[in-house]
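Written below as structure tokens is the structure these notes are about.
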Amino acid sequence: MNKYVEVVTSLPIDRTFQYKITGRESYAPEIGKRVFIPFNFRKRVGYIVKFEDDPAVENPKDLIDVIDESPIFTGDMLELARWMKDRYFCSWGEALEAMIPGALKRGKVSMTQRVDDEKYDIASSEPHKPNKEQQQVLNEINACIKNGTHKVFLLHGITGSGKTEIYLQAMENVLRMGKSGVILVPEISLTPQTVERFVSRFGDKVAIFHSKMLQSARFAEWKRIKDGNAGIVVGPRSAVFSPFQDPGIFIVDEEHEPSYKQEDTPRYHAREIAIKRARMAGVPVILGTATPALESYHKAVNGEYRLVELTGRIKEKELPRVKVVDMRMDFDTRVGKTVISPVMAEALRNDIKKKQQALIFLNRRGFSTFVNCGKCGNVLKCEKCDSPLVFHKEKKEMICHYCNRRIPPPKICPFCEEDYLMYKGTGTQKVESELHLILPEARIERMDSDTMSKRGAHAKVLKRFKDHEIDIIVGTQMIAKGLDFPKVTQVGVISADANLNLPDFRSSERTFNLITQVAGRAGRGDLGGEVIVQTFTPEHYAIGFAAKHDYHGFYTKEIVTRRELGFPPFVNLVKITLRSRKEENVAKSAEALAERLGKKMPGVDIIGPAPSPMAKLRGYYRWNVLIKTKDIDKLVKELRGALSGFRKGHGVFMAVDVDPMSM
Ligand SMILES: [Zn+2]
Ligand SMILES: [Zn+2]
2 MNKYVEVVTS
12 LPIDRTFQYK
22 ITGRESYAPE
32 IGKRVFIPFN
42 FRKRVGYIVK
52 FEDDPAVENP
62 KDLIDVIDES
72 PIFTGDMLEL
82 ARWMKDRYFC
92 SWGEALEAMI
102 PGALKRGKVS
112 MTQRVDDEKY
122 DIASSEPHKP
132 NKEQQQVLNE
142 INACIKNGTH
152 KVFLLHGITG
162 SGKTEIYLQA
172 MENVLRMGKS
182 GVILVPEISL
192 TPQTVERFVS
202 RFGDKVAIFH
212 SKMLQSARFA
222 EWKRIKDGNA
232 GIVVGPRSAV
242 FSPFQDPGIF
252 IVDEEHEPSY
262 KQEDTPRYHA
272 REIAIKRARM
282 AGVPVILGTA
292 TPALESYHKA
302 VNGEYRLVEL
312 TGRIKEKELP
322 RVKVVDMRMD
332 FDTRVGKTVI
342 SPVMAEALRN
352 DIKKKQQALI
362 FLNRRGFSTF
372 VNCGKCGNVL
382 KCEKCDSPLV
392 FHKEKKEMIC
402 HYCNRRIPPP
412 KICPFCEEDY
422 LMYKGTGTQK
432 VESELHLILP
442 EARIERMDSD
452 TMSKRGAHAK
462 VLKRFKDHEI
472 DIIVGTQMIA
482 KGLDFPKVTQ
492 VGVISADANL
502 NLPDFRSSER
512 TFNLITQVAG
522 RAGRGDLGGE
532 VIVQTFTPEH
542 YAIGFAAKHD
552 YHGFYTKEIV
562 TRRELGFPPF
572 VNLVKITLRS
582 RKEENVAKSA
592 EALAERLGKK
602 MPGVDIIGPA
612 PSPMAKLRGY
622 YRWNVLIKTK
632 DIDKLVKELR
642 GALSGFRKGH
652 GVFMAVDVDP
662 MSM
């Protein structure tokens with residue numbers, strides 16, 4: 002008879018706590034069950050990870066109660082969380098809590114399910130007969146499922162090359178074998194058509210997660226999976242933790258998407274978790290994308306992943322023509338007037354005349370993206386963040402896009418008190434209003450987080466676009482993915498340079514991906530399509546290769562740069578960010594940290610300390626120390642030792658990010 006349990010909690014403390022089993026608990030203690038424990042005079046939720054016969058301390062406290070009738074974590078999930086704790090620098094309990102709905106973390110056992118207002122009203126669809134190429138891949142995947150072999154497949158192919166049909170048929174096979182599977186998508190509302198295809202094929206066997214979901218609905222879906230009533234899960238990164246009894250496959254669609262990386266503790270990458278879970282279960286993983294992450298493609302080229310290049314039914318000549326417009330050339334004709342080049346204006350005019358549709362992309366919302374003074378040159382910035390305030394014309398407010406701080410637009414310059422403020426930079430509101438001037442007859446809608454904040458707004462606009470009640474949609478990344486409308490023959494990119502100027506080694510990759518993705522929205526029907534890309538740097542290779550739909554060309558050039566500069570995939574990065582409300586404290590602390598790491602880990606490549614590219618955020622000054630390594634497993638172990646006992650200084654916080662997605 003066990004006498005004690007070892008429990009972990011969501012506190013950021015890397016240890017277990019011991020409690021005494023009294024026999025008065027509602028249910029028998031078991032590994033993987035939740036318990037209520039006394040902790041610092043409060044009742045907390047904890048998770049049983051181990052039994053002990055002997056007390057670790059004198060008189061451990063009594064358990065308050067066992068919450069669950071049966072464990073909510075399997076042994077595999079506990080093991081996965083322990084791996085996450087080491088890999089991503091969090092506590093075991095923090096990793097466990099990333100895996101479950103919020104209600105469970107608060108100790109709830111049931112929730113009344115409210116009816117979710119977003120219904121999926123979709124006709125059922127039948128499987129297509131796979132073509133030879135698809136069948137070959139499916140045979141390989143199905144063999145893995147059958148034999149319990151772990152293998153990672155990288156499906157490289159543009160939209161329409163047949164990736165989704167492979168996902169669907171592999172999943173069907175998994176279900177037939179009585180197993181379960183998950184398909185990760187970057188964000189449900191951005192990829193409605195992928196979701197529709199799963200629901201139409203598998204009906205109520207599909208559980209769906211999305212970010213705007215009610216807590217009660219999330220809990221209900223989690224329970225359906227747990228009880229074995231939904232064998233397929235479609236959802237964003239957290240769906241990778243679906244509580245399957247018997248996983249059969251993990252699919253990551255758009256595997257290159259940065260949104261698979263969680264930016265808060267635990268800072269995991271859903272693609273890496275999918276691969277880890279699949280390896281533990283001995284099942285295959287499918288990564289699918291038109292623009293593989295450099296890291297993934299590199300592994301595929303080196304034979305670590307099985308590379309599948311899909312050509313599908315798409316022929317080279319059917320790809321939309323991409324026209325690159327050099328915005329320096331006609332600068333004189335545009336002065337003070339417009340952000341839309343004559344080439345783009347003319348193309349849109351023709352498009353509307355022919356009763357076709359267009360998408361105009363710009364990844365910045367608001368009207369003027371910065372305001373500066375013509376006399377003293379100062380830019381109006383947020384007091385709490387190192388970020389220019391963006392002018393929103395509709396609300397007549399200056400808004401910080403990082404902390405959402407809002408102020409009325411000042412009449413005079415707050416620095417020199419002169420009346421020379423100039424509204425500059427282009428956001429989606431400005432593009433929309435200029436389009437109205439150029440094309441007064443066109444029906445135009447804007448799609449960004451300002452107009453799409455209400456639940457269901459996104460689906461409504463897309464429905465009206467489908468019914469051709471709208472001619473042009475202007476939007477942010479919300480329109481970059483997954484949309485498939487046959488009448489869209491024009492796609493415009495207002496500024497291809499936005500990402501190129503960021504101080505991040507992935508800026509070229511992001512630019513290439515974005516243009517490729519947006520371009521993929523044109524010419525989906527029989528009418529063909531054209532893409533117009535406006536840029537001030539037409540000579541940049543990321544833009545050039547994207548215009549030619551040439552991923553291999555881009556990869557070959559970019560991988561050389563990465564090797565020369567020593568960036569991923571040739572090394573792993575670890576970013577340590579220190580933040581404090583006092584600038585001198587954080588600088589001092591960052592210097593002390595870099596010195597300590599240099600001493601404790603000789604030979605390790607340490608970069609910095611230096612202020613973060615975003616040097617101030619929400620009132621905190623931020624400094625980074627960056628570490629490069631060729632042996633990440635060894636490094637994280639050493640780093641844990643080197644960091645333990647480090648005194649950060651008063652009011653300084655530290656975050657460790659392994660494989661960061663931003664600098
Ligand atoms: Zn001024
Ligand atoms: Zn701010």
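According to this note's numbering, the sequence shown is numbered sequentially starting from 2. A virtual CB, placed ideally from N, CA and C, is assigned to each residue, including glycine. As the structure is a prediction and not an experimental result, all values here were calculated from the model.
(1) Taking the CB atoms as reference points, tell me whether P321 and A588 lie closer together than 8 Å.
(2) Using the rule of at least 16 other Cβ atoms within 10 Å of the residue's Cβ for burial, across every protein chain shown, is P244 buried or exposed?
(3) Check whether the Cβ of K376 sits closer than 7 Å to any heavy atom of ligand 3, and report yes or no.
(4) Does the separation of the CB atoms of K180 and P248 fall below 8 Å?
(5) So, F210 versus G229, is the Cβ gap smaller than 8 Å?
(6) What do you get for N373, buried or exposed, if any count of 16 or more other CB atoms within 10 angstroms of its CB means buried?
(7) Whose C-beta lies closer than 7 Å to the C-beta of E540 among residues of the same chain, with five residues either side of it excluded?
(8) Would you please state the rounded distance, in angstroms, between the beta carbons of R225 and A218? I believe it to be under 8 Å.
(9) For F42, does the count of other Cβ atoms within 10 angstroms reach 16, so buried, or fall short, so exposed?
(10) Skipping 5 residues on each side, what residues in its chain have a beta carbon closer than 7 Å to that of V572?
(11) Looking only at its chain, what residues have a beta carbon closer than 8 Å to the beta carbon of D118, apart from the 5 residues adjacent to it on each side?
(12) Measuring alpha carbon to alpha carbon, tell me which residue in G526, Y20, G76 is nearest E53.
(13) Measuring only the C-alpha atoms, how far is L440 from S434?
(14) Quick one: Cα of E127 to Cα of R202, how far?
(15) Go through its chain and collect everything with a Cβ distance to D451's Cβ below 6 Å, but skip five positions before and after it.
(16) Roughly how many angstroms lie between the CA atoms of K44 and A359, to the nearest whole one?
(17) Relative to the C-alpha of T427, which residue among C386, G476, V340 is closest?
(18) Using the three-state DSSP reduction, which class does I68 fall into: helix, strand or coil?
(19) Let me confirm a value: S297 is counted as buried when at least 16 other C-beta atoms fall within 10 Å, else exposed. Which label applies?
(20) What did DSSP end up calling T538 once you bin it into helix, strand or coil?
(21) Hey, how far is the Cα of N379 from the Cα of M423?
(22) Per DSSP, what kind of secondary structure is E80 in: helix, strand or coil?
(23) How is E119 classed by DSSP in three states: helix, strand or coil?
(24) Is it the case that the Cβ atoms of K164 and L155 are separated by a distance below 8 Å?
(25) Rounded to whole angstroms, how far is the Cβ of I607 from the Cβ of M345, which I believe are closer than 8 Å?
(26) With DSSP collapsed to three states, give me the class of A656.
(27) Our contact map puts Q535 next to V326 with C-beta atoms below 8 Å; I'd like the distance itself, whole angstroms only.
(28) Leaving out the 5 sequence neighbours to the left and right, which residues in its chain are closer than 6 Å to T266 when beta-carbon positions are compared?
(29) Would you list, in sequence order, the uninterrupted alpha helix (DSSP H) runs of no fewer than 4 residues that lie entirely inside the region 250-323?
(30) Name all residues in chain order for which at least one heavy atom of ligand 2 lies closer than 7 Å to the residue's CB.
(31) Taking 8 Å as the threshold (C-beta atoms), are R522 and G492 in contact?
(32) Within 10 angstroms of its Cβ, does F625 collect 16 or more other Cβ (buried), or is it exposed?
(33) Just to check, is the beta-carbon of F371 closer than 7 Å to a non-hydrogen atom of ligand 1?
(34) According to DSSP, is N373 helix, strand or coil?
(35) Quick one: using the 10 Å Cβ neighbour count with 16 as the cut-off for buried, is Q357 buried or exposed?
(36) Ignoring anything shorter than 4 residues or poking outside the region 492-571, list the alpha helix (DSSP H) runs there in chain order.
So, from the listed chains and residues:
(1) Here residue 321 refers to the residue found at position 320 when the sequence shown is read from its first residue. Here residue 588 refers to the residue found at position 587 when the sequence shown is read from its first residue. Not closer than 8 Å, so no.
(2) Here residue 244 refers to the residue found at position 243 when the sequence shown is read from its first residue. The residue in question, P244, is buried, as its Cβ has 16 or more Cβ neighbours within 10 Å.
(3) Summarising the ligand content, the structure contains ligand 1 and ligand 2 and does not contain ligand 3.
(4) Locating residue 180 in the sequence shown gives position 179, counting from the first residue. Locating residue 248 in the sequence shown gives position 247, counting from the first residue. Cβ distance < 8 Å, so K180 and P248 count as in contact.
(5) Locating residue 210 in the sequence shown gives position 209, where the first residue counts as 1. Locating residue 229 in the sequence shown gives position 228, where the first residue counts as 1. No, they are not a contact pair.
(6) Here residue 373 refers to the residue found at position 372 of the sequence shown. Of the other Cβ atoms in all chains shown, 16 or more fall within 10 Å of the Cβ of N373; this residue is therefore buried.
(7) Position 539 of the sequence shown, counted from the start, is the residue given in the question as residue 540. So the list is empty, once near-sequence residues are dropped.
(8) Start at 1 with the first residue of the sequence shown, and residue 225 comes out as number 224. Start at 1 with the first residue of the sequence shown, and residue 218 comes out as number 217. Contact between R225 and A218 does not hold, since the beta-carbon distance rounds to 11 Å and is not under 8 Å.
(9) Against the sequence shown, residue 42 aligns to sequence position 41. Around the Cβ of F42, a 10 Å sphere holds fewer than 16 other Cβ atoms; the residue is exposed.
(10) Taking the first residue of the sequence shown as position 1, residue 572 is located at position 571. The residues are K629, T630, K631.
(11) For the purposes of this step, residue 118 is identified with residue 117 of the sequence shown, where counting begins at 1. Here the model assigns D118 a pLDDT of 46, short of 50, so the residue's position is not dependable, and the following value carries that caveat. Once the five neighbours on either side are set aside, the close Cβ partners of D118 are R456, G457.
(12) Here the question's residue 53 lines up with position 52 in the sequence shown. Distances from the alpha-carbon of E53 to those of G526, Y20, G76 put Y20 closest.
(13) For the purposes of this step, residue 440 is identified with residue 439 of the sequence shown, where counting begins at 1. For the purposes of this step, residue 434 is identified with residue 433 of the sequence shown, where counting begins at 1. Whole-angstrom Cα-Cα distance: 10 Å.
(14) In the sequence shown, residue 127 corresponds to position 126, counting from 1. In the sequence shown, residue 202 corresponds to position 201, counting from 1. Looking at the two C-alpha atoms, the distance is approximately 6 Å.
(15) Taking the first residue of the sequence shown as position 1, residue 451 is located at position 450. The residues are R366.
(16) The residue you call residue 44 lines up with position 43 of the sequence shown. The residue you call residue 359 lines up with position 358 of the sequence shown. Straight-line Cα distance between these residues: approximately 57 Å.
(17) Locating residue 427 in the sequence shown gives position 426, counting from the first residue. Measuring from the Cα of T427, the nearest candidate turns out to be V340.
(18) For this step, residue 68 is matched to residue 67 along the sequence shown. The answer is coil: DSSP assigns I68 none of H, G, I, E or B.
(19) Taking the sequence shown and counting its residues from 1, the one referred to as residue 297 is at position 296. Label assigned to S297: buried.
(20) The residue you call residue 538 lines up with position 537 of the sequence shown. In the structure shown, T538 sits in coil (DSSP, three-state: anything other than H, G, I, E or B).
(21) In the sequence shown, the residue the question calls residue 379 occupies position 378. In the sequence shown, the residue the question calls residue 423 occupies position 422. The alpha-carbon separation between N379 and M423 amounts to approximately 10 Å.
(22) Position 79 of the sequence shown, counting from 1, holds the residue named residue 80. DSSP places E80 in helix when its eight states are reduced to three.
(23) Translated into positions along the sequence shown, residue 119 becomes position 118. With a pLDDT of 49 at E119, under the threshold of 50, the predicted position of this residue should be treated as unreliable, though the coordinate-derived value follows. Here E119 sits in coil by DSSP.
(24) On the sequence shown, position 163 is the one that residue 164 refers to. On the sequence shown, position 154 is the one that residue 155 refers to. Pairing K164 with L155 gives a Cβ-Cβ distance that is not under 8 Å.
(25) The count along the sequence shown starts at 1 and reaches residue 607 at position 606. The count along the sequence shown starts at 1 and reaches residue 345 at position 344. For I607 against M345, the beta-carbon gap comes to about 47 Å, at or over 8 Å, which does not count as contact.
(26) Mapped onto the sequence shown, residue 656 falls at position 655. In the three-state reduction of the DSSP assignment, A656 falls in the strand class, which pools E and B.
(27) Here residue 535 refers to the residue found at position 534 when the sequence shown is read from its first residue. Here residue 326 refers to the residue found at position 325 when the sequence shown is read from its first residue. Rounded, the Cβ-Cβ distance is 5 Å, consistent with contact.
(28) In the sequence shown, counting from the first residue as 1, residue 266 sits at position 265. Cβ within range, chain order: C91, E95.
(29) The qualifying runs are 271-282, 295-302.
(30) Those residues, listed in chain order, are C383, K385, C386, S388, C401, Y403, C404, R406, R619.
(31) Locating residue 492 in the sequence shown gives position 491, counting from the first residue. Locating residue 522 in the sequence shown gives position 521, counting from the first residue. Rather than Gly, the amino acid found at residue 492 in this sequence is Val. A contact, by the Cβ cut-off of 8 Å.
(32) One-based indexing of the sequence shown puts residue 625 at position 624. For clarity, residue 625 is Asn in the given sequence; the question names Phe instead. By the beta-carbon neighbour count (other beta carbons within 10 angstroms, threshold 16), N625 is buried.
(33) On the sequence shown, position 370 is the one that residue 371 refers to. Outside the cutoff, so no.
(34) Within the sequence shown, numbered from 1, the residue matching residue 373 stands at position 372. Here DSSP, grouped into helix, strand and coil, assigns N373 to strand.
(35) Indexing the sequence shown from 1 puts residue 357 at position 356. Burial check for Q357: the Cβ neighbour count within 10 Å reaches 16 or more, so the residue is buried.
(36) Segments of the alpha helix (DSSP H) lying fully in the region 492-571: 508-520, 542-548, 552-566.
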